[in-house]
Amino acid sequence: DGGITQSPKYLFRKEGQNVTLSCEQNLNHDAMYWYRQDPGQGLRLIYYSQIVNDFQKGDIAEGYSVSREKKESFPLTVTSAQKNPTAFYLCASRAGAQDGYGYTFGSGTRLTVV
Amino acid sequence: GQSLEQPSEVTAVEGAIVQINCTYQTSGFYGLSWYQQHDGGAPTFLSYNALDGLEETGRFSSFLSRSDSYGYLLLQELQMKDSASYFCAVTPNTGFQKLVFGTGTRLLVSP
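If you read the sequences in order, they're chains A and B. The opening position of the first sequence corresponds to residue 16 in this note's numbering, with each subsequent residue numbered one higher. The opening position of the second sequence corresponds to residue 34 in this note's numbering, with each subsequent residue numbered one higher.
Laid out in structure tokens, this is it:
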């Protein structure tokens, strides 16, 4: 079955460490997105990518970095510059360029700073 | 910019009908979407309104009024499994298409 796979499901990071969250899709979707969700809040856009080797900052990109070397993969690195990284991270993709195509989300990675 | 406001929580009983409102302030957008998210899970796409009016998909219906800057999700014949958070979202019509989400409404369905 097609879908988005995020790994790991839970991740613990020490202060000062960089960590990378994996996002892989086999839906053949061009557009991919990373969102952050804090408890009881909506989703905020971190980065997005329309095509391979191209990505753009979202609303809260500071302290994060991404790459898009393959259509299927859009990993997110949470750097030590991100001061409050504890959150639920969701990766998504969309089938078409026209609005109205629903986003498909992965099951998320819950990151905790220890 | 874009701002979408929703009630933080709504409660209802099984079999009832509930309406979740979404009021927005945005400079322009293509359409209004609704997503459902169970605790700890992935959001799933429910519906989309490009035009004013009502869209019906089974027990769920969604409504948009651009003149009133308002939309809602209507859930009928509520079931316990409908207990979840519901988010409205818009795609601004400037720049690359990306979803901007509302604050979310937690729906609690009781027996």
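Backbone N, C-alpha and C fix where the C-beta goes; we use that ideal spot for every residue, glycine too.
Residues near residue i by beta carbon distance below 7 Å, same chain, minus five either side
i: A/D53; result: A102
i: A/S37; result: Q21, S22, P90
i: A/S95; result: G31, Q32, N33
Listed by chain order, chain A residues near residue i by CB distance under 8 Å
i: B/Y103; result: Simply none; closest approach about 18 Å.
i: B/G135; result: G57
i: B/L167; result: Limits of chain B in this structure are 34 at one end and 144 at the other, which puts residue 167 of chain B out of reach.
i: B/F78; result: G117, Y118, T119
Interface residues of chain A facing residue i [CB-CB closer than 7 Å]
i: B/A75; result: L105, F120, G121, S122, G123
i: B/H84; result: In the sequence on display, residue 84 of chain B carries Leu and not His. In chain order: nothing, as chain A lies at least about 11 Å away.
i: B/L132; result: Y118
Burial state of residue i, where buried means 16 or more other Cβ atoms lie within 10 Å
i: A/Y25; result: exposed
i: B/I50; result: exposed
i: A/K85; result: exposed
i: B/H71; result: exposed
i: B/R92; result: exposed
i: B/N126; result: exposed
i: B/D101; result: exposed
i: A/Q40; result: buried
i: B/S60; result: exposed
i: B/P25; result: The question about residue 25 of chain B has no answer, for chain B in this structure spans 34 to 144.
i: B/N82; result: buried
i: B/K114; result: exposed
i: B/G64; result: buried
i: B/Q58; result: exposed
i: B/S41; result: exposed
Where residue i meets chain B, residues with beta-carbon distance less than 7 Å
i: A/L26; result: Under the 7 Å cutoff, chain B gives no residues; its nearest Cβ is about 15 Å from A/L26.
Distance CB(residue i)-CB(residue j) smaller than 9 Å
i: A/L126; j: A/P90; result: no
i: B/Q52; j: B/L87; result: no
i: B/Q109; j: B/S94; result: yes
i: A/G123; j: A/Y104; result: yes
i: B/A117; j: B/W67; result: no
i: B/V133; j: B/Q35; result: yes
i: A/G144; j: B/G135; result: Residue 144 of chain A is absent from the structure shown; chain A starts at 16 and stops at 129.
i: A/A211; j: A/Y50; result: Given that chain A is displayed from residue 16 to residue 129, the structure contains no residue 211 of chain A and the question cannot be resolved.
Contacts around residue i, its chain only, beta-carbon distance under 6 Å, and the 5 residues preceding and following it disregarded
i: B/Y103; result: T56
i: B/D85; result: L97, S98, R99
i: A/V128; result: R28, P100, T101
i: B/Q130; result: T124
Residues near residue i by beta carbon distance below 8 Å, same chain, minus five either side
i: A/R83; result: M47, S64, I66, V67, N68, D69, F70, F89
i: A/T131; result: A query on residue 131 of chain A cannot be resolved here, the shown segment of chain A reaching from 16 to 129 and no further.
i: A/K98; result: G78
i: B/V46; result: L111, V142, S143, P144
i: A/G57; result: none
i: B/G48; result: E110, L111
Original post:
Just by C-beta distance, which residues in the segment 61-95 of chain A are closer than 9 Å to chain B?
Top reply: Closer than 9 Å at the C-beta level to chain B, one finds these residues of the segment 61-95 of chain A: Y63, Q65, Q71, G73, D74.
**OP:** Using a Cβ-Cβ cut-off of less than 7 Å, list which residues of the segment 29-46 of chain A approach chain B; keep chain order.
**Re:** Those would be none; no residue qualifies.
Original post:
Which residues, taken in chain order from the segment 105-127 of chain B, show a beta carbon closer than 7 Å to some beta carbon of chain A?
Top reply: Within the segment 105-127 of chain B, the residues whose Cβ lies closer than 7 Å to some Cβ of chain A are F120, T124, listed in chain order.
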